[in-house]
Amino acid sequence: MQSFRSFFYFPLLSLLLLPCCVSSDISQSPYNIHDAVGIKNIMPVVVIGSGPAGLSAALYTSRANFKTLVIEGDEPGGQLTKTTYIENWPGIKRMLGKYAVDVVKEQAASFGTEFLADQVISVDFSVWPFIVRCRSGLELRALSVIIGMGATPRYLGVPGEEKYWGRGVTSCAICDAALYEKDEEVVVIGGGDAAVEEATQLAAYAGKVTILVRKARMRAVPAMQERLKNYPNIFVKYNLEVQEILGNGAVVTGVRLLNNVSGETSDFPTDGVFLAIGRIPNSQIFKNILDLDSAGYIAVSERSQVTSVPGVFAAGDIADPDYKQAGIAAGDGIKAGLDANRFLTALGLNEQFAQELEPMLFHPEKKEEDAQLEQINSVEQLEEMLQVSDVPVILDFYTESCPSCLQMLPKIASVAQKFAGQVHVYKVDAGEATDVAKHFSVRKVPYLIVLRNGEKALELDQEMSEQEIQNLFEQLARESEG
Ligand code: NDP
Numbered sequence: 023m024q025s026f027r028s029f030f031y032f033p034l035l036s037l038l039l040l041p042c043c044v045s046s047d048i049s050q051s052p053y054n055i056h057d058a059v060g061i062k063n064i065m066p067v068v069v070i071g072s073g074p075a076g077l078s079a080a081l082y083t084s085r086a087n088f089k090t091l092v093i094e095g096d097e098p099g100g101q102l103t104k105t106t107y108i109e110n111w112p113g114i115k116r117m118l119g120k121y122a123v124d125v126v127k128e129q130a131a132s133f134g135t136e137f138l139a140d141q142v143i144s145v146d147f148s149v150w151p152f153i154v155r156c157r158s159g160l161e162l163r164a165l166s167v168i169i170g171m172g173a174t175p176r177y178l179g180v181p182g183e184e185k186y187w188g189r190g191v192t193s194c195a196i197c198d199a200a201l202y203e204k205d206e207e208v209v210v211i212g213g214g215d216a217a218v219e220e221a222t223q224l225a226a227y228a229g230k231v232t233i234l235v236r237k238a239r240m241r242a243v244p245a246m247q248e249r250l251k252n253y254p255n256i257f258v259k260y261n262l263e264v265q266e267i268l269g270n271g272a273v274v275t276g277v278r279l280l281n282n283v284s285g286e287t288s289d290f291p292t293d294g295v296f297l298a299i300g301r302i303p304n305s306q307i308f309k310n311i312l313d314l315d316s317a318g319y320i321a322v323s324e325r326s327q328v329t330s331v332p333g334v335f336a337a338g339d340i341a342d343p344d345y346k347q348a349g350i351a352a353g354d355g356i357k358a359g360l361d362a363n364r365f366l367t368a369l370g371l372n373e374q375f376a377q378e379l380e381p382m383l384f385h386p387e388k389k390e391e392d393a394q395l396e397q398i399n400s401v402e403q404l405e406e407m408l409q410v411s412d413v414p415v416i417l418d419f420y421t422e423s424c425p426s427c428l429q430m431l432p433k434i435a436s437v438a439q440k441f442a443g444q445v446h447v448y449k450v451d452a453g454e455a456t457d458v459a460k461h462f463s464v465r466k467v468p469y470l471i472v473l474r475n476g477e478k479a480l481e482l483d484q485e486m487s488e489q490e491i492q493n494l495f496e497q498l499a500r501e502s503e504g
């Protein structure tokens, strides 16, 4: 009798205690799990973003046996893949930023997380299961969503910046540093850790690197500033604000600077301008859908990653106006994963119900073995190719250290296969085949150049989705037929 009593009373007692132990936002689900039955392309957990926050969240949800899909976005791995070494990830003294995310990705995959190379363009959180729309046209339904979409580089907003973007103005030193040579000089704008990081990456390629800081001191932590002493070709100048990016119509030639102490303006010649002036959260698609703060960061409740919509969680730089550290993003991602687990449990997603959903779950297509593109290594080789080509030619400029380039290459190769004979495509390693990059004034990757009859007809300086690549090929094929 005694044992029956304790068996009976314990759950009753825990039920009474539950609301005070678990955040009420999570334990009292406003949704009915039965509404999820029979809906196509459904997922218990959709994680948007594949940086340390998204991947850590996915590790925790998939390890708790909740089917998890990570939508990787245009920059798989996020900002960490654009830095070289990180020295402040607890437990590992020094490692490549890319290694840090690759390992967590592998770990999440080992627990069943699936990955989709796509970009989320809009969401509807007014219906449940939530709607998540991707650039490819795919529409997913999600019982819970974890947002880890990070932040993107801030722009200066000065004349010339847009015009010379990709023609000497850029924000990714690790991608584009290899396009500079010892007889060239570059400037880095900014005074934070990122400015130091970019300058040291550039110092290995460009002859001279000047960091232009708008205040009388740098914001970078002392350890980072100390690092600069090891680079005799890095110089720092203070109290200078960029007023304009100057160019010759084709590429950057300098920056117009205001000395905010003396009030004087002067022109500073340069071959490249690297922006490292902070980042802004990628929260535009959540405006009027989730509560954001005045700077656009997603508001989360103090001790959790719960957003203003039950079942939606946010972590990492998109929800962190203060710390912006990879380790914090990973930690907050873990919290978001745990929050989602609690939410799904409270919703009633148990093993039996998961089996009911199973036939309608979304699974990303398994990609065929990657198609390969032919490589151009020199201007002479390109000229030979052009002589025998009577269809449009696409040159896909990339570097081995550019994550978005490496993501785009297989997509282009796969579409190119379908258009064989109608469009010719070659890849060019802009860091190796520097004469080809110079010939076309390529200062940024990924960069696509379309040639018709050997003449430059079109330039595209942004990462493209498979659908956009397909559209481009279709247009070129139509034109060459006509
Ligand atoms: P920060 O916000 O730390 O620094 C931005 C810098 O850009 C500041 O010096 C700021 O000047 C300057 N700035 C902003 N707007 C302008 C403008 N219009 N013109 C000129 N200068 C401008 O951003 P970071 O990207 O450097 O760093 C973000 C976070 O990432 C930090 O927490 C940092 O620690 C971390 N990080 C860590 C790295 C590592 O450990 N390896 C590498 C890179 C980043 P002001 O000071 O006057 O406001």
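Just so you know, we're using our numbering here: the sequence shown kicks off at 23 and counts up by one.
Positions of the beta carbon are idealized from the N, C-alpha and C atoms, including for glycine.
Please read all numbers here as calculations on a predicted model, not as lab measurements.
Next on the checklist: Under DSSP, the alpha helix (DSSP H) around V277 begins and ends at which residues?
Outcome noted: Working through the sequence shown from its first residue, we reach residue 277 at position 255. Run containing V277: none in the alpha helix (DSSP H); it sits in the beta strand (DSSP E), V274 to N281.
Checklist entry - Among A226, L312, L280 and A337, which one has its Cα closest to the Cα of K237? => result What you label residue 237 is simply residue 215 of the sequence shown in a count that begins at 1. In this structure, L280 is the residue among A226, L312, L280 and A337 with its C-alpha nearest to the C-alpha of K237.
Next on the checklist: Check this for me: beta carbons of V328 and I267, under 8 angstroms apart or not?
Outcome noted: For the purposes of this step, residue 328 is identified with residue 306 of the sequence shown, where counting begins at 1. For the purposes of this step, residue 267 is identified with residue 245 of the sequence shown, where counting begins at 1. Contact flag unset, no.
Checklist entry - Should Q489 be listed as close to the ligand NDP, given that the test is whether its C-beta is under 7 angstroms from any heavy atom? => result Against the sequence shown, residue 489 aligns to sequence position 467. It does not: the Cβ of Q489 is nowhere closer than 7 angstroms to a heavy atom of the ligand NDP.
Checklist entry - Roughly how many angstroms lie between the CA atoms of S45 and A499, to the nearest whole one? => result On the sequence shown, position 23 is the one that residue 45 refers to. On the sequence shown, position 477 is the one that residue 499 refers to. Only weak support is given to the placement of S45: the predicted model assigns it a pLDDT of 46, under 50, and the question is left unresolved by the model.
Checklist entry - Just how far apart, CA to CA, sit G100 and N310? => result Looking up residue 100 in the sequence shown gives position 78. Looking up residue 310 in the sequence shown gives position 288. For G100 and N310, the distance between alpha carbons rounds to 25 angstroms.
Checklist entry - Which residue's Cα is closest to the Cα of P151: S144, A164 and C194? => result Residue numbering aside, residue 151 sits at position 129 when the sequence shown is read from its first letter. Per the Cα distances, A164.
Next on the checklist: Closer than 7 angstroms to a non-hydrogen atom of the ligand NDP - does that hold for the CB of D315?
Outcome noted: Against the sequence shown, residue 315 aligns to sequence position 293. No, the beta carbon of D315 sits no closer than 7 angstroms to any heavy atom of the ligand NDP.
Item to check | Near the ligand NDP: R236 beta-carbon under 7 angstroms from a heavy atom | outcome: For this step, residue 236 is matched to residue 214 along the sequence shown. Yes - the ligand NDP has a heavy atom lying nearer than 7 angstroms to the Cβ of R236.
Item to check | As assigned by DSSP and simplified to three states, the class of V44 | outcome: Along the sequence shown, one-based indexing puts residue 44 at 22. Its pLDDT being 31, under 50, V44 is placed unreliably in this model, and the coordinates cannot settle the point.
Checklist entry - If you measure from the CB of K346, is any heavy atom of the ligand NDP nearer than 7 angstroms? => result On the sequence shown, position 324 is the one that residue 346 refers to. For the ligand NDP, at least one heavy atom lies less than 7 angstroms from the Cβ of K346.
Checklist entry - Tell me which same chain residues have a C-beta within less than 8 angstroms of the C-beta of A131, skipping the five on either side of it? => result For the purposes of this step, residue 131 is taken as the residue at position 109 of the sequence shown. Excluding sequence neighbours, A131 sits near F137.
Next on the checklist: the ligand NDP and E387: does the residue's C-beta get closer than 7 angstroms to at least one heavy atom of that ligand?
Outcome noted: If you number the sequence shown from 1, residue 387 lands on position 365. It does not: the Cβ of E387 is nowhere closer than 7 angstroms to a heavy atom of the ligand NDP.
Checklist entry - Can you check whether the CB of S158 is closer than 8 angstroms to the CB of S436? => result Counted from its first residue, the sequence shown places residue 436 at position 414. Counted from its first residue, the sequence shown places residue 158 at position 136. Going by C-beta atoms, S436 is not nearer than 8 angstroms to S158.
Checklist entry - Can you tell me the Cα-Cα spacing of I153 and L91, whole angstroms? => result The residue given as residue 153 occupies position 131 in the sequence shown. The residue given as residue 91 occupies position 69 in the sequence shown. Cα to Cα, I153 sits roughly 14 angstroms from L91.
Item to check | Meets three-Cβ-pair contact criterion under 8 angstroms: the region 220-239 and the region 190-204 | outcome: yes
Next on the checklist: Out of L473, S326 and P386, which one is the CA nearest neighbour of A79?
Outcome noted: On the sequence shown, residue 79 is found 57 positions in, with the first residue counted as 1. Of the candidates L473, S326 and P386, the one whose C-alpha sits nearest the C-alpha of A79 is S326.
Checklist entry - Using 8 angstroms as the Cβ pair cut-off and three pairs as the minimum, do the region 139-149 and the region 228-236 touch? => result Judged by Cβ distances under 8 angstroms, the region 139-149 makes no contact with the region 228-236, as fewer than three pairs qualify.
Item to check | Unbroken alpha helix (DSSP H) run spanning D401, endpoints | outcome: Position 379 of the sequence shown, counted from the start, is the residue given in the question as residue 401. Checking the sequence shown, residue 401 turns out to be Val, not Asp. For V401, the uninterrupted alpha helix (DSSP H) run begins and ends at V401 to Q409, by DSSP.
Next on the checklist: Can you check which of these residues, P381, R241 and Q265, is closest to D289 by C-alpha distance?
Outcome noted: Start at 1 with the first residue of the sequence shown, and residue 289 comes out as number 267. The residue with the shortest Cα to Cα distance from D289 is Q265.
Checklist entry - How is Q397 classed by DSSP in three states: helix, strand or coil? => result Indexing the sequence shown from 1 puts residue 397 at position 375. Here Q397 sits in strand by DSSP.
Item to check | Option in D96, V295 and A245 with minimal Cα separation from Y177 | outcome: Position 155 of the sequence shown, counting from 1, holds the residue named residue 177. Comparing Cα-Cα distances from Y177 to each of D96, V295 and A245, the minimum goes to V295.
Checklist entry - Is S144 helix, strand or coil when you go by DSSP? => result Counted from its first residue, the sequence shown places residue 144 at position 122. S144: strand per DSSP, three-state reduction.
Checklist entry - Who are the near neighbours of D215 in its chain, counting only those whose CB is closer than 7 angstroms to its CB and skipping five residues on each side? => result For the purposes of this step, residue 215 is identified with residue 193 of the sequence shown, where counting begins at 1. These residues qualify, in order along the chain: A242, V243 and M246.
Next on the checklist: So the candidates are E109, K388 and G95; which of them puts its Cα closest to the Cα of V525?
Outcome noted: Given that the chain is displayed from residue 23 to residue 504, the structure contains no residue 525 and the question cannot be resolved.
Checklist entry - Is E219 near the ligand NDP, judged by its Cβ being under 7 angstroms from some heavy atom? => result Your numbering for residue 219 matches position 197 in the sequence shown. The answer is yes for E219.
Checklist entry - With respect to the beta strand (DSSP E) encompassing S166, which residues constitute its N-terminal and C-terminal limits? => result Walking along the sequence shown from the start, residue 166 turns up at place 144. Per DSSP, S166 belongs to the beta strand (DSSP E) from E161 to I169.
Next on the checklist: Could you give the first and the last residue of the continuous beta strand (DSSP E) run that contains Q265?
Outcome noted: Here the question's residue 265 lines up with position 243 in the sequence shown. Taken as a continuous stretch (DSSP letters only), the beta strand (DSSP E) holding Q265 covers L262 to G269.
Next on the checklist: Among V283, D344, Q409 and L383, whose alpha-carbon lies nearest the alpha-carbon of V59?
Outcome noted: One-based indexing of the sequence shown puts residue 59 at position 37. Taking V59 as reference, the option from V283, D344, Q409 and L383 with the minimal CA-CA separation is L383.
Checklist entry - Can the beta-carbon of A75 be found less than 8 angstroms from the beta-carbon of D354? => result Residue 75 sits at position 53 when you count from the first residue of the sequence shown. Residue 354 sits at position 332 when you count from the first residue of the sequence shown. Yes, these two residues count as a Cβ contact at 8 angstroms.
Item to check | Assumed close pair R301, T174 - CB separation to whole angstroms, cut-off 8 angstroms | outcome: Taking the first residue of the sequence shown as position 1, residue 301 is located at position 279. Taking the first residue of the sequence shown as position 1, residue 174 is located at position 152. Indeed, because the Cβ distance is near 6 angstroms, the residues count as touching under 8 angstroms.
Checklist entry - G420 and A452 look like a contact to me (Cβ under 8 angstroms); what is the Cβ gap, rounded to whole Å? => result If you number the sequence shown from 1, residue 420 lands on position 398. If you number the sequence shown from 1, residue 452 lands on position 430. In the sequence as displayed, the identity of residue 420 is Tyr instead of Gly. Confirmed, Cβ separation roughly 7 angstroms.
Checklist entry - Nearest CA to the CA of Q347: which residue from G172, A376 and M430? => result For the purposes of this step, residue 347 is taken as the residue at position 325 of the sequence shown. The shortest C-alpha separation from Q347 is found at G172.
Next on the checklist: DSSP three-state label for Q492, please.
Outcome noted: Working through the sequence shown from its first residue, we reach residue 492 at position 470. Helix at Q492.
Checklist entry - Is the region 357-371 close to the region 195-211, with three or more CB pairs under 8 angstroms? => result Segments in contact, no.
Item to check | According to DSSP, residues forming a beta bridge with W187 | outcome: As a working note, residue 187 is residue 165 in the sequence shown. Paired residues: V191.
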